[in-house]
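Numbering (the numbering used here), first residue to last: 798 to 1165. Heads up, the beta-carbon is just placed ideally off N, CA and C, and yes, glycines get one too. Remember, predicted model here, so these are calculated numbers, not experimental data. Structure first, commentary second.
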């Protein structure tokens, strides 16, 4: 299919990116520069948070938006997201924070109410005068970027009215800055190959709508989505949900051929075990030894991860020296009732977004 999109604002760019990922030919037209500084969605940073007052529908969309961000980072080749947590505040008789806490509790994402006395210690930059109640949730943060002219912007988004975020000791560091470009087919003509897309939150929601219920529904993802080929790498698999509301009791990660030197990271409250398989050809391990087998599966069991929580399971590995390849890391998530098998691998020439239970992907980049 050939698609012509008029307008390279937030909707146009995100739609073009989604269509290009599915293999369609895309032409994108914009009357001004990309991004257009006059666009309503143009800015250097955006935040994402679960609290949305009583709007449960918005709160439910955030998890899908996070999963869409993982796709953005994978295509971009780097992660440009700063996790901060979210502090919801009310005063002068307002009840937005209370409504947010109640709405999130109803969908299994409870906030923690903080006392007014502890706020100055936890948030020394916060003026608490006039504040009446405060609620905290660990999720939330900011996507940051810079405009076409190369100007600098703050690394942390400025808090909107009614919110504050965990300050960085010593002030916010410079950068990072975002340039976002979607990868179109060779025949596609896009007016700008690497069009900056600063308003990531809205783009993620659009991408979630385009891709759901495919990759965007995945509960197991690899943090970052990219790594340097042939390098030692901390492979982090994030589990974001249980099984239809049931808690996760075990996570098994299968390491594909070519991934060697695996060392799992221990996790308090979980027992870790490994399964080894012989190598077809012995390899040098980089420490003067010859390895004749490798770790093929790592399993964490005996813990308990509630559906409303997330957790990360890490393995230090040496990646195959195949820049440009994408390796798939199957994950089996066992719950108190049922399981999720994130094990589907795309066939040659088939887009991974067509899969309902995709194995998490890691794209191998050339050495800098």
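Three-state secondary structure assigned by DSSP to residue i
i            : result
residue 1102 : strand
residue 1005 : Annotation note: pLDDT 43 at residue 1005 (below 50); position unreliable, coordinate value reported separately. Residue 1005: helix per DSSP, three-state reduction.
residue 886  : strand
residue 1027 : coil
residue 860  : helix
residue 875  : coil
residue 846  : coil
residue 1057 : strand
residue 896  : helix
residue 807  : helix
residue 1154 : coil
residue 1045 : strand
residue 1039 : coil
residue 891  : coil
residue 918  : helix
residue 881  : coil
residue 1160 : strand
residue 1067 : coil
residue 831  : coil
residue 851  : strand
residue 923  : coil
residue 910  : strand
Selected residue, minimal CA-CA separation from residue i, among the options
i            : options                : result
residue 1170 : 1131, 1160, 1104       : Missing from the structure shown is residue 1170; the chain here goes from 798 to 1165 and no further.
residue 817  : 912, 858, 934, 799     : 799
residue 1155 : 1016, 806, 1031        : 1016
residue 1076 : 1092, 860, 876         : 1092
residue 1129 : 1020, 825, 903, 1052   : 1052
residue 853  : 873, 1079, 901         : 901
residue 1143 : 885, 1039, 1153, 1134  : 1153
residue 1034 : 1096, 1110, 1104       : 1110
residue 898  : 888, 1041, 877, 847    : 847
residue 927  : 894, 887, 823          : 887
residue 1060 : 1024, 1079, 1094       : 1094
residue 1132 : 833, 873, 862, 1042    : 1042
residue 1066 : 1100, 1089, 1057       : 1100
residue 879  : 871, 844, 851          : 844
residue 1050 : 877, 1039, 1098        : 1098
residue 917  : 1039, 884, 1047        : 884
residue 931  : 813, 919, 920, 894     : 894
residue 1162 : 858, 875, 1048, 1108   : 875
residue 877  : 1048, 1020, 1074, 1047 : 1020
residue 811  : 1047, 869, 1106        : 869
Neighbour-count burial assignment, residue i, 16 or more Cβ in a 10 Å radius
i            : result
residue 908  : buried
residue 809  : buried
residue 1029 : exposed
residue 890  : exposed
residue 905  : exposed
residue 1032 : buried
residue 913  : exposed
residue 867  : buried
residue 981  : For residue 981, the predicted model reports a pLDDT of 28, less than 50, meaning its position is unreliable; a value from the coordinates is still stated below. Flag for residue 981 reads buried.
residue 922  : exposed
residue 1089 : exposed
residue 1022 : buried
residue 1134 : exposed
residue 1078 : exposed
residue 864  : buried
residue 1039 : buried
residue 1003 : Reliability of the predicted coordinates at residue 1003 is poor, the pLDDT of 46 falling under 50, and the value obtained from them is presented with this limitation in mind. Counting Cβ neighbours within 10 Å, residue 1003 comes out buried, since at least 16 surround it.
Proximal residues to residue i (C-beta, below 8 Å), its chain only, five neighbours per side dropped
i            : result
residue 1063 : 1069
residue 1055 : 1116, 1117, 1119, 1124
residue 826  : 801, 802, 803, 804, 805, 988
residue 1139 : 1015, 1016, 1017, 1127, 1128, 1129, 1130, 1154, 1155, 1156, 1157
residue 882  : 933, 934, 935, 936, 937, 938, 962, 963
residue 1165 : 1025
Beta-bridge partners of residue i, as assigned by DSSP
i            : result
residue 1090 : 1075
residue 1139 : 1128
residue 928  : 888
residue 822  : 799
residue 1119 : Answer is none; residue 1119 lacks a bridge partner.
residue 1017 : 1036
residue 939  : 844, 879
residue 1096 : 1049, 1070
residue 1110 : 1034
residue 934  : 883
Other residues of its chain near residue i: CB distance less than 7 Å, five sequence neighbours each side excluded
i            : result
residue 836  : 806
residue 1081 : 1087
Cutoff 6 Å; reference residue i; Cβ partners in own chain excluding five residues on either side
i            : result
residue 849  : 855, 856
residue 1166 : Since the displayed the chain opens at 798 and closes at 1165, residue 1166 lies outside it and no answer follows.
residue 892  : none
residue 1113 : 1031, 1060
residue 911  : 931, 933
residue 859  : 847
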